[in-house]
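Data first, discussion second: the structure below is written as structure tokens.
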Amino acid sequence: MKYGLLAAIAVIAIAFYFMSQSNKEDAERLKQAEIAHQQKLEQQKVDAMLYEKEAELRRLQAEKAKALKAEQDKLNSQNQAQAFEQQQQAKLKETQLKKDMLQKYMDISNNWSRADLIAGSTARVALGNQVTELRKIRESLQKEKFYDCLDPAKKDLLEAMDSAIFNYVYFMQNDISLWKKQAEEKINYYNKLASSLEIYTACKQAL
């Protein structure tokens, strides 16, 4: 009987021991679960903060990109306006240069016409000085540089001047055998003079 009681007590003690151990393990599992839950909550907080920071960073980057684009668009617009203004100024400068060349051409042409008129009314014996003056005017035209449109007019006017000068030289020689050449040079003179004036007028109207 005594041994039976001791055995029962031993069994009960063992049962209580295992129950105690089981409770400890359950408590440990609960503790670990609570810790894991807290860690999860903390991680969620950290993740939320990181998300907010990343969202704020993206917003700031988007605003910066937008501001940079606006600044670049403004700069491009200013550059385009400046380029357009420079083009307009260049066109005005080119137009004025052409006008100056047209005026220079006409001044030489007018000087020639006056000198030719005087030479045409000068006696044969005194014509040498007038021919020299005509040659000087021709040289001044030869030295001048004009834009492309006026170059053909310059060429024709130079040929007209040459014909006029040859005509006066033949006239001063007073040789009947040169009369035909005189007539040919005179015809060529008027033809080239008319052609040069026609080209000049077209160039002036084209501006």
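Numbers 2 to 208, taken from my numbering, label the letters of the sequence shown in order.
Just so you know, even glycine gets a beta-carbon here, dropped at the ideal spot from N, CA and C.
Keep in mind it's a predicted model, so treat the numbers as computed, not measured.
Buried or exposed for residue 15, please, with buried defined as at least 16 other CB atoms from any protein chain shown within 10 angstroms of its CB. exposed
- Do residue 161 and residue 128 have their C-beta atoms within less than 8 Å of each other? no
heavy atom of the ligand COA below 7 Å from residue 72 C-beta
This structure does not include the ligand COA; it has no bound ligands of any sort.
Under 8 Å between C-beta atoms of residue 190 and residue 165:
yes
task: Output the residue ranges of the alpha helix (DSSP H) runs that lie fully inside the region 72 to 149 and measure 4 residues or longer, sorted by chain position.
output: The qualifying runs are 128 to 144.
*Can you tell me which of the three DSSP states residue 159 falls into?*
helix
Look at the Cβ atom of residue 104, then the Cβ atom of residue 116, and state whether they are nearer than 8 Å.
no
Practice problem: Measure the CB-CB distance between residue 125 and residue 175 and report whether it falls below 8 Å. | Solution: For residue 125 and residue 175, yes; Cβs fall inside 8 Å.
How would you write the range of the alpha helix (DSSP H) that residue 208 sits in, first residue to last? No alpha helix (DSSP H) contains residue 208, which DSSP labels as neither H nor E.
Next on the checklist: Taking a contact to mean a Cβ-Cβ separation below 8 Å, would you say residue 99 touches residue 148 in this structure?
Outcome noted: yes
C-alpha gap between residue 177 and residue 107, whole angstroms = Cα to Cα, residue 177 sits roughly 36 Å from residue 107.
>> Using the three-state DSSP reduction, which class does residue 176 fall into: helix, strand or coil?
In response: Collapsing the DSSP output to three states places residue 176 in coil.
- Query: When you compare only the Cα positions, how much space is there between residue 73 and residue 204?
  - Reply: 43 Å
Check: Straight-line CA distance for residue 46 to residue 52?
Finding: A direct Cα-to-Cα measurement between residue 46 and residue 52 gives close to 10 Å.
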